[in-house]
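**Student:**
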Amino acid sequence: MRRPTVAVVVFPGTNSEAETVDACRDAGMQARLFWWSEDPELLRTFDGYVLAGGFAHEDRVRAGAIAAKSPIVAVIKEEAGKGKLVLGLCNGAQVLAEAGMLGPVALAQNLPAHHFQGLMVEVVVDREPQRCAFTSCLEPGHAMAMALAHGEGRFTGTPATFEQLEEHAQIVLRYAGAAPNGAEHRAAGICNDEGNVLALMPHPERAAWAFNVAFDDPALRGVDPNKPAAAHSIFACMAAALRATEPSP
42 MRRPTVAVVV
52 FPGTNSEAET
62 VDACRDAGMQ
72 ARLFWWSEDP
82 ELLRTFDGYV
92 LAGGFAHEDR
102 VRAGAIAAKS
112 PIVAVIKEEA
122 GKGKLVLGLC
132 NGAQVLAEAG
142 MLGPVALAQN
152 LPAHHFQGLM
162 VEVVVDREPQ
172 RCAFTSCLEP
182 GHAMAMALAH
192 GEGRFTGTPA
202 TFEQLEEHAQ
212 IVLRYAGAAP
222 NGAEHRAAGI
232 CNDEGNVLAL
242 MPHPERAAWA
252 FNVAFDDPAL
262 RGVDPNKPAA
272 AHSIFACMAA
282 ALRATEPSP
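Under the working numbering, think of the first position of the sequence shown as 42, with each following residue one higher.
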């Protein structure tokens with residue numbers, strides 16, 4: 042079975058890229074770091090893309106604003122238009138929003154905190170997981186511990202925008218309780234209308250194995266620390282969706 046190829050995109054200021062590569066590889070994908078200084082045209086040879094977290098270009102202007110205008114993102118946007126999978130994690134999600142890949146959705150400063158927040162949160166799969174490639178192998182209500190670490194992670198938009206998102210079941214992942222960052226409709230992860238692009242604010246790669254979340258999930262205490270945790274399933278779904286799109290031999 043061919044292992045799908047994935048580029049984990051790194052900008053100046055990106056972090057968690059190593060954990061992201063590890064999670065992709067562990068899920069059965071061939072993943073490598075793709076640096077901002079490489080030829081963007083090389084991206085077209087990959088099956089899918091992950092924009093990692095961090096603070097690209099020091100979050101100058103706005104989080105993700107400068108990276109969103111890069112030649113790399115221009116190519117990724119074109120490839121997404123052809124149906125390739127794109128996952129944006131935290132800062133990567135901000136880049137996707139700034140690039141207009143989610144429609145009229147924005148990410149704004151956390152409320153009521155007005156500052157960076159770092160904590161473990163529970164994220165739940167919404168009513169139509171098959172709507173999005175990255176949740177398509179999961180059941181509604183599937184709960185995952187993830188690491189929230191951002192200062193501008195509040196999904197926001199007009200009432201009409203969120204009415205459309207709800208109607209089209211594009212809010213595929215929600216915070217289990219009240220959104221700690223004040224995100225509208227408790228949105229943690231929003232996909233595009235086609236279902237091949239996901240912007241996810243909490244970090245699944247920082248909670249992909251038992252050793253990441255054992256203190257938050259009693260069920261994982263005492264088990265193999267390298268056992269995949271619930272959040273690992275985001276990458277497993279991506280791998281499964283990429284394999285499903287492979288042409289038949």
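Note that CB positions come from ideal geometry on N, CA and C, so glycine has one too.
(1) Pull up the distance between the alpha-carbon of Lys118 and that of Pro269, whole angstroms please.
(2) Tell me the residue span of the alpha helix (DSSP H) that contains Cys278.
(3) Select from Gly194, Ala108, Phe87, Gly230 the residue whose C-alpha is nearest the C-alpha of Ser78.
(4) So, using beta-carbon positions, are Leu137 and Gly129 closer together than 7 Å?
(5) So, at 6 Å on beta carbons, what are the nonlocal neighbours of Asn222 in its own chain, with the 5 sequence-adjacent residues on each side left out?
(6) So Ala210 packs on Glu169, CB below 8 Å; how close in whole Å?
(7) Count the C-beta pairs between the region 60 to 71 and the region 239 to 253 that are closer than 8 Å, then say yes if the count reaches three, no if not.
(8) How long is the line joining the alpha carbons of Ser289 and Met242, rounded to whole angstroms?
(9) Can you tell me which of the three DSSP states His191 falls into?
(10) So, helix, strand or coil for Glu163, using DSSP?
(11) From what residue to what residue does the beta strand (DSSP E) around Val146 run?
(12) Using the rule of at least 16 other Cβ atoms within 10 Å of the residue's Cβ for burial, across every protein chain shown, is Asn267 buried or exposed?
(13) Evaluate the contact criterion for the region 154 to 162 versus the region 91 to 101: three or more CB pairs, one atom per stretch, below 8 Å.
(14) Can you tell which of Arg73, Ala190, Pro200, Ala229 has its C-alpha closest to the C-alpha of Ala320?
(15) Look at the Cβ atom of Ala121, then the Cβ atom of Val50, and state whether they are nearer than 7 Å.
(16) Comparing C-alpha positions only, which one of Gly89, Val146, Val116 sits nearest to Val127?
(17) Comparing alpha-carbon positions, which option in Pro53, Glu99, Ser57, Gln171 lies nearest Ala282?
(18) So, is the C-beta of Glu208 closer than 7 Å to a C-beta in chain C?
(19) On the three-state DSSP scale, how would you describe Pro269?
(20) Give me the Cβ distance between Met185 and Ala251, rounded to the nearest whole Å; I'm assuming they're in contact under 8 Å.
(21) Beta-carbon within less than 6 Å of Glu99's beta-carbon, same chain only, minus the 5 sequence neighbours each way: which residues are those?
(22) Can the beta-carbon of Gly133 be found closer than 7 Å to that of Cys173?
**Tutor:** Let me lay it out:
(1) 31 Å
(2) 274 to 285
(3) Ala108
(4) yes
(5) Asn151, Gly194, Arg195
(6) 4 Å
(7) yes
(8) Here the model assigns Ser289 a pLDDT of 45, short of 50, so the residue's position is not dependable, and the following value carries that caveat. Between Ser289 and Met242, the C-alpha separation is close to 35 Å.
(9) strand
(10) strand
(11) Element bounds for Val146: n/a, residue is neither H nor E.
(12) exposed
(13) no
(14) Since the first residue of the chain shown is 42 and the last is 290, residue 320 is not available in this structure.
(15) no
(16) Gly89
(17) Gln171
(18) Protein chain content of the structure displayed is limited to a single chain, and chain C is not contained in it.
(19) strand
(20) Not quite, the Cβ-Cβ distance comes to about 13 Å (not below 8 Å), so this is no contact.
(21) Gly54
(22) no
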